[in-house]
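Here is the structure we will look at, set down as structure tokens.
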Amino acid sequence: MRFSINRRTPILTLVPLVLLLSCRAGEPIGAEPQPTADAPRLIILIVVDQCRADYLERFRPLLKHGLLQLLEEGIVFTNALHHHSDTKTAPGHASLVTGKHPSHHGVIANEWFDPVSGGTVDAVEDDRYNPEWSPHQLLASTLGDWLKVSDPKSKVFGASGKPRAAVLMAGKTGDASYWYEEDTGRFVTSDYYQEDEPAWLTEFHRELYVDRYFGQAWEPLPEVVTADVGYEIEPVAREPFGHRFPHPLGRATVAPEEHFYEDLFESSPFVDEYLGVFARALIRSEGLGKDDATDFLGLSFSAADKVGHHWGPNSPELLDVILRLDRTLGDLLAFVDQEIGREQVVVTLTSDHGVNPLQAYLQRHEVDARRLGVDDILCFQRLAGGLEQRFGEGKWFAANLRFDRELAAARGIALGELEAETRRLLEGCPGVARVWTRSELESGVAAREPLGDFFTNSFHPDRSPDLMVQLEEHFLAWTSLATTHGSVYPYDTHVPWLLRVPSGAAGVVTEPVFTVDVAPTLARLVGLTPPDDIDGVDRS
1120 MRFSINRRTP
1130 ILTLVPLVLL
1140 LSCRAGEPIG
1150 AEPQPTADAP
1160 RLIILIVVDQ
1170 CRADYLERFR
1180 PLLKHGLLQL
1190 LEEGIVFTNA
1200 LHHHSDTKTA
1210 PGHASLVTGK
1220 HPSHHGVIAN
1230 EWFDPVSGGT
1240 VDAVEDDRYN
1250 PEWSPHQLLA
1260 STLGDWLKVS
1270 DPKSKVFGAS
1280 GKPRAAVLMA
1290 GKTGDASYWY
1300 EEDTGRFVTS
1310 DYYQEDEPAW
1320 LTEFHRELYV
1330 DRYFGQAWEP
1340 LPEVVTADVG
1350 YEIEPVAREP
1360 FGHRFPHPLG
1370 RATVAPEEHF
1380 YEDLFESSPF
1390 VDEYLGVFAR
1400 ALIRSEGLGK
1410 DDATDFLGLS
1420 FSAADKVGHH
1430 WGPNSPELLD
1440 VILRLDRTLG
1450 DLLAFVDQEI
1460 GREQVVVTLT
1470 SDHGVNPLQA
1480 YLQRHEVDAR
1490 RLGVDDILCF
1500 QRLAGGLEQR
1510 FGEGKWFAAN
1520 LRFDRELAAA
1530 RGIALGELEA
1540 ETRRLLEGCP
1550 GVARVWTRSE
1560 LESGVAAREP
1570 LGDFFTNSFH
1580 PDRSPDLMVQ
1590 LEEHFLAWTS
1600 LATTHGSVYP
1610 YDTHVPWLLR
1620 VPSGAAGVVT
1630 EPVFTVDVAP
1640 TLARLVGLTP
1650 PDDIDGVDRS
């Protein structure tokens, strides 16, 4: 492991972190007790939704609080990658907490076609509960689950603006997950975890914190106003996403209502501040880090994702989100260090995915980039007709890119033939770089080709389609958003990973690491041995 040593950090602090924390390797998860007496009492996993790795480098001169503290006082992994192809919220969060790729934890996308029901399912959808969210689609255990097995007294929570993030971080045995409800401005949970709302949450909502933003527009911080192209900040006027500061929240009403609460989440940085306040209340009310069992709190901050989709990663709005998050994290870290003690807490920060720059920004900088157009849509829509010309009339797809196996069997058509012809037709469509077939992915052939390993790691035989499409770099296949993510290219896969440990070890790791390494690394730092079948490795 190659470190670039922080000048403020003694070389001795770079002794392997496992030794510094006196963790015992090689014990099974169920050992009683497994963590050592001096193991940290709280793990905080901070996920900044849609945070590209370059944000922290570009904006570092403007950082003054929590983000800067983690950069200066922790281990900085500069080359951390999501090693799967569908870089979205659900698979990203699931990979972070399970140490497994989507091919093994089963959360291959935010939603996917279910051949049993014949419909689309959400990654955390579960109509047995109210609201209809639970982790039952997750096919692997999480870091929080490992803690619970080791010591049932461990407390495990997830909280986010988004239910997918909160539910997946809390795992299958979490005490609760909480997320922002856009209709009411409250943090809510599912009765999967608890029948009744805890008293502290009722008290927290007695005076709704977010109502303080009513009657205020989103104005930029002074640092944002003076930021220039040196920070790669360039407003792009593109309607309807190009309108400038200040941004109103909600409609012309005399009191907060659902549109105000929705705008607060969809189009402002303030949901992150709200989550920070909520996290402090949760930590204090649930007594996290206060006994001899190691607790876990997963926090996913959503504003960078919402704002990034609307204004892009080079916008003043995105910079404002990051600088406000810097302040929020500074307040959170100061609270945790005072309430629990720095030496008792492991803090790590990363992201679930990155994002593609705006097409207008790329074109301004002479980068070949374009958005889904009429010809692209028609090429896909005419695919079925191409198969009928080759194999005869019939609905050859049971769902999008999933073949009708009964029809193929009845006609005596091998799936390999359908794969080959469909691939040929799709690769003739503009914007398509490569099509990966089920046969390639299941046999392991794809994993030996450039970028094929990303698609292999996203492929689950029961949940994935029969073909996976790799789009050209910077090709934007969405029309309703200013920009998005979901590709195998570095702007989507390269994310930050910062790790603050009680020992104070600090430095820079430049070798490639993967986000599936986060969970096993955190586990070993508190004395747990992760399951043998995970994909990630301990980087401590």
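Okay, so the sequence shown: first residue is 1120 according to the working numbering, each after it adds one.
In this text, a Cβ means the ideal position worked out from N, Cα and C, and glycines have one as well.
Just so we're clear, the structure is a prediction, and the values are computed from it rather than from any experiment.
| Asked | Found |
| --- | --- |
| Return the CA-CA distance between Ala1566 and Ala1453, expressed in angstroms with no decimal places. | 45 Å |
| Determine the direct distance from the alpha carbon of Met1288 to that of Tyr1312, and round the result to whole angstroms. | 13 Å |
| In terms of residues, what are the limits of the beta strand (DSSP E) holding Pro1631? | Taken as a continuous stretch (DSSP letters only), Pro1631 belongs to no beta strand (DSSP E), as it is neither H nor E. |
| Locate the alpha helix (DSSP H) running through Phe1323, then write down its first and last residues. | 1318-1323 |
| Could you tell me whether the segment 1619-1636 touches the segment 1240-1251, using the rule of 3 or more Cβ pairs below 8 Å? | no |
| Could you check what DSSP says for Trp1265 in three-state terms: helix, strand or coil? | helix |
| Does the distance from the CB of Glu1628 to the CB of Gly1655 come in under 8 Å? | The sequence given here has Val at residue 1628, not Glu. Result no, Cβ atoms of Val1628 and Gly1655 do not sit closer than 8 Å. |
| Keeping to the same chain, check which residues put their C-beta closer than 7 Å to that of Lys1274; ignore five residues upstream and five downstream. | Asp1294, Glu1405, Leu1407, Asp1414 |
| Leaving out the 5 sequence neighbours to the left and right, which residues in its chain are closer than 8 Å to Arg1357 when beta-carbon positions are compared? | With a pLDDT of only 49 at Arg1357, under the threshold of 50, the placement of this residue in the model should not be trusted; the figure read from the coordinates follows. Taken in chain order, the residues that qualify are Leu1477, Ala1479, Ala1601. |
| Going along the chain, which residues of its own chain have a beta-carbon closer than 6 Å to the beta-carbon of Asp1652, five neighbours each way excluded? | none |
| Can you find at least 3 beta carbon pairs, one from the segment 1211-1219 and one from the segment 1479-1489, that sit closer than 8 Å? | no |
| Compute the Euclidean distance between the alpha carbons of Gln1500 and Leu1544, then round it to the nearest angstrom. | 11 Å |
| When the Cα of Ala1440 is compared with those of Arg1331, Gly1427, Arg1363, which residue comes out closest? | Looking at the sequence provided, one finds Val at residue 1440 rather than Ala. Closest option to Val1440, Cα to Cα, is Gly1427. |
| Put Trp1430 into one of helix, strand or coil per three-state DSSP. | helix |
| For Val1632, count neighbouring Cβ atoms within 10 angstroms of its own Cβ and tell me buried if that reaches 16, exposed if not. | buried |
| Expressed to the nearest angstrom, what Euclidean distance is found between the alpha-carbon atoms of Ser1296 and Glu1538? | 41 Å |
| Rounded to whole angstroms, what's the CA-CA distance from Lys1272 to Gly1238? Just pull it up for me. | 39 Å |
| Can you round the beta-carbon distance between His1362 and Gly1369 to whole angstroms, since I take them to be within the 8 Å contact cut? | Their Cβ separation, rounded to whole angstroms, is 16 Å, which puts His1362 and Gly1369 out of contact at 8 Å. |
| Is Gly1605 near Gln1169, with beta carbons less than 8 Å apart? | no |
| Tell me which residues share the same chain as Leu1140 and place their Cβ nearer than 6 Å to its Cβ, disregarding the 5 neighbours each side in the sequence. | Reliability of the predicted coordinates at Leu1140 is poor, the pLDDT of 36 falling under 50, and the value obtained from them is presented with this limitation in mind. The residues are Leu1644. |
| Given Trp1265, which residues of its chain have a CB within under 7 Å of its CB, disregarding the five upstream and five downstream residues? | Ile1148, Ala1642, Leu1647, Pro1649 |
| What are the uninterrupted segments assigned as beta strand (DSSP E) that are 3 or more residues long and contained completely in the segment 1378-1450, given in chain order? | 1414-1420 |
| Give the range of the beta strand (DSSP E) segment to which Leu1368 is assigned. | Here Leu1368 belongs to no beta strand (DSSP E), and DSSP marks it neither H nor E. |
| Can you pull the DSSP bridge partners for Trp1252? | Glu1244 |
| Can you grab the Cα-Cα spacing for the pair Pro1159 / Ile1402, in whole Å? | 15 Å |
| In angstroms, rounded to a whole number, what distance separates the CA positions of Phe1276 and Ser1562? | 38 Å |
| Please report the straight-line C-alpha distance between Leu1586 and Gln1188, rounded to a whole angstrom. | 44 Å |
| Kindly indicate the opening and closing residues of the alpha helix (DSSP H) around Asp1572. | 1571-1577 |
| Considering only their Cβ atoms, is the gap separating His1201 from Asp1445 smaller than 8 Å? | no |
| Spatial neighbours of Asp1424 within its chain, please: C-beta separation below 6 Å, excluding the five flanking residues on both sides. | Asp1168, Gln1169 |
| From this set, Leu1320, Pro1341, Arg1619, which residue's C-alpha is nearest Val1195's C-alpha? | Arg1619 |
| Please list, in chain order, all residues of the same chain as Leu1175 whose beta carbon is under 6 Å from its beta carbon, the five residues on each side excluded. | Pro1615 |
| According to the neighbour-count rule (16 or more other Cβ atoms, all chains shown, within 10 Å of its Cβ), is His1224 buried or exposed? | buried |
| With DSSP as the reference, label Phe1594 as helix, strand or coil. | coil |
| Which ranges would you report for the alpha helix (DSSP H) in the segment 1505-1564 if only whole runs of at least 4 residues count? | 1524-1530, 1534-1545, 1557-1562 |
| Within the continuous beta strand (DSSP E) that includes Asp1233, where are the two ends? | 1230-1233 |
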